[in-house]
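Heads up, the thing below is written out as structure tokens.
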Amino acid sequence: MQHTDVLVIGAGIVGAACAHALTQAGLSVRVIDARLGGATAAGMGHLVVMDDNPAELALSQTSLDLWHAWAPHMDAGCAFTACGTLWLAANDAELQAAHNKRSTLQAHGIACEMLDATALARAEPALRPGLAGALKVQGDSVVYAPRAAQWLLDQAAAQGHLIFEQAEATHIDGHTVTLRDGSQRSAGAIVLASGIQAPQLCPGLPLRPKKGHLVITDRYPGTVRHQLVELGYITSAHHSDGTSVAFNVQPRPTGQLLIGSSREFDTTDPAVNNAVMARMLQRALDYLPGLADLNAIRTWTGFRAATPDSLPLIGAHPEHPHLWLAVGHEGLGATTAPATAQLLAAQITGGTPAIDPTPYAPARFAGLNTP
Amino acid sequence: MHIVVNGAPLQVPAGTSVAAALAQQTPGTTRTSVTGEARAPLCGMGVCHECRVRIHGRTRLACQTVCTEGMSIHTDVGTAPGSATS
Ligand SMILES: Cc1cc2nc3c(=O)[nH]c(=O)nc-3n(C[C@H](O)[C@H](O)[C@H](O)COP(=O)(O)OP(=O)(O)OC[C@H]3O[C@@H](n4cnc5c(N)ncnc54)[C@H](O)[C@@H]3O)c2cc1C
Ligand code: FES
């Protein structure tokens, strides 16, 4: 049984970023992934600075800086596009919210600007007339997350000591992980980055699946230029316990439009729910009436791993100092994977984290059982 | 029944699907992929979307569309910017 410094369970965007950061720190890393199909392959890959609270802002802003540093080196398959986000204000109240958001972002040195109704119509002619304006966040971007995860693993293998195995972990015991075939792997530290499946290996993690639907169209280049998100998204996406939909459309480099978003708790059924899909598309039509004439070619769903306070669990398991958690990234894990990995690697190697790790510490939740 | 494929007239029996009509001609392809490769019907049952063609200005699945008299079909979906609608 070959021993490595670290064993990472899960090679979604979060596990891949952790493996990358740990090899960069000079550690030997084994990554195992069962290829169960996780959130990374299902998501939108919008890299977006979010400012619902200071901890979310710190994690997303630090991550965006890392994404921009990586972007020139990523292959075309990663589809990194610095399209920026337009936060759309439908009325005066939302316009005020846009101004407030601008103040917060600018106070943190994040480039953004207000567009009035005329400038917005010029920037995105396909939007319905009558919107109040928008906040444009220039640095926000888009990535094809499953390819980016592979790119991170390739980088790690090329520059450091990385072993990848396709295998399913069934048990964690101290420094040892047992695989489905009964064989075992040991490491100095175990990183659990297995997304929504993490509670199977570590019971008691406060993770809830939050289902989302997506639709992708045929190619219509130039129809939309920025990632478009309604400002109502801020309220509908995070604070509702029922099913909610919000307008969120992304231009893909192929000319396709990726249409979201929906949020639904208390289901683990991956089937497309036509009622939710219809609500989501109706919302999209409210903003982009021309969508009605376009062809959709695929629909699918995915599950976000939500925590009670919407912040991820990054850091030591409170009862197992050699078990490290990198889970619970909800709808923002493609964005926040880089800073998550940096934070975790600094803690594992005893370095100084770039941002305060306290808000993400798993110990904030009582009752985390031992695995 | 008479249809027109990329401007050229073609005669097909009533009830023929557009995919079947296209298969009677060379090259028998439908759309062009993102990387510029030719595509042809694959699944024949509306799942793979490889058979997208332009019929009277709209993108349609050739395997799920039955030919009608005078139907004009273009196999240029994906070949030019905006081509999925134009
Ligand atoms: C519909 C939707 C839209 C989204 N849009 C965005 C967006 O626009 N921007 C954004 O930033 N985020 C978005 N997200 C969120 C983002 O996709 C996730 O937060 C992120 O992908 C989580 O990555 P992960 O690596 O933690 O988990 P996953 O991608 O789920 O990876 C977990 C991995 O662990 C493996 N695994 C699980 N159990 C085991 C085991 N026992 N043994 C071995 N391997 C195992 C799985 O095979 C999987 O590969 C979206 C999510 C959804 C569902
Ligand atoms: S051949 Fe597959 S959808 Fe028509």
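Read top to bottom, the protein sequences are chains A and B.
Going by this note's numbering, the first sequence opens with residue 162, and the numbers climb by one from there.
Going by this note's numbering, the second sequence opens with residue 18, and the numbers climb by one from there.
Every residue, glycine too, gets a C-beta built ideally from N, C-alpha and C.
Being a predicted model, the structure only gives us computed values, none of them experimental.
When Cβ-Cβ separations below 8 Å define contact, B:H91 makes no contact with chain A. Residues of chain A with a Cβ closer than 9 Å to the Cβ of B:R69 are, in chain order, D379, N456 and I458. Non-local C-beta neighbours of A:E285 in its own chain, meaning closer than 7 Å and more than five positions away in sequence, comprise L247, V385, R386, H387 and L389, ordered along the chain.
Around B:H73, no beta-carbon contact reaches into chain A at under 8 Å, the shortest distance being about 13 Å. In the three-state reduction of the DSSP assignment, A:A467 falls in the strand class. The continuous alpha helix (DSSP H) containing A:I174 extends over residues I174 to Q185. For A:T415, the chain B residues whose Cβ falls inside 7 Å of its Cβ are V51, in order along the chain. Note that the stretch 424 to 432 of chain A does not touch the stretch 259 to 271 of chain A; fewer than 3 beta-carbon pairs, one per stretch, sit closer than 8 Å. Going by C-alpha positions, A:G494 is about 35 Å away from B:V94. The residues R380, Y381 and P382, in chain order, have a CB closer than 7 Å to that of A:G416 in the same chain once the five nearest residues on each side in sequence are set aside.
Assigned with DSSP and collapsed to three states, B:H91 falls in strand.
Distances from the CA of A:R459 to each of A:P518, A:K372 and A:I377 were compared; the closest alpha carbon is that of A:I377.
Between ligand 1 and A:V410, a heavy atom-to-CB distance of less than 7 Å is absent. Residues M162, T337, V338 and T339 of the same chain have their beta carbon placed closer than 8 Å to that of A:Q345, with the five preceding and five following residues left out of the count.
When only Cα atoms are considered, A:P307 and A:L375 end up about 16 Å apart. Taking the CA atoms as reference points, A:A230 sits about 12 Å from A:G300. The set of residues with any CB-heavy atom separation to ligand 2 below 7 Å comprises, in chain order, B:A36, B:P58, B:L59, B:C60, B:G61, B:M62, B:G63, B:V64, B:C65, B:H66, B:E67, B:C68, B:L78, B:A79, B:C80 and B:Q81.
Of all residues in the stretch 32 to 66 of chain B, those with a C-beta nearer than 8 Å to a C-beta of chain A are V51 and H66, reading in chain order. Relative to B:L78, the option among B:H91, B:G87 and B:E86 whose CA is nearest is B:H91. Pairing A:H164 with A:S347, the inter-Cα distance amounts to about 5 Å. The contact set of B:T76 on chain A, defined by CB atoms closer than 8 Å, consists of D379 and N456 in chain order. Counting other Cβ atoms within 10 Å of its Cβ, A:P469 stays below 16 and is therefore classed as exposed. In this structure, the C-beta of A:M205 approaches ligand 1 to less than 7 Å from one of its heavy atoms. In terms of side-chain proximity, the C-beta atom of A:H387 is found no nearer than 7 Å to any non-hydrogen atom of ligand 1. Judged by DSSP secondary structure, A:I271 falls outside any beta strand (DSSP E); it is assigned neither H nor E.
Taken from the Cβ of A:S471, every heavy atom of ligand 1 lies 7 Å or farther away. Nearest neighbour of A:A445 by Cα position, chosen from A:D334, A:H181, A:A200 and A:G393, turns out to be A:G393. Membership of A:N409 in the beta strand (DSSP E) is indicated by the continuous run S405 to P412. At a threshold of 7 Å, A:R465 counts as near ligand 1, since its beta carbon sits closer than that to one of the ligand's heavy atoms. For B:G95, the C-beta contacts it makes with chain A under 7 Å involve R380, in order along the chain. Under the three-state reduction of DSSP, A:R346 is assigned to strand.
Under the three-state reduction of DSSP output, B:V29 falls in the coil class, being neither helix nor strand. Residues G63 of the same chain have their beta carbon placed closer than 7 Å to that of B:Q81, with the five preceding and five following residues left out of the count. About 19 Å separates the beta carbons of A:A240 and A:V175, which is beyond the 8 Å limit, so they are not a contact pair. In the displayed model, A:T165 falls within a strand according to three-state DSSP. DSSP places A:A498 within a helical segment (H, G or I) once states are collapsed to three.
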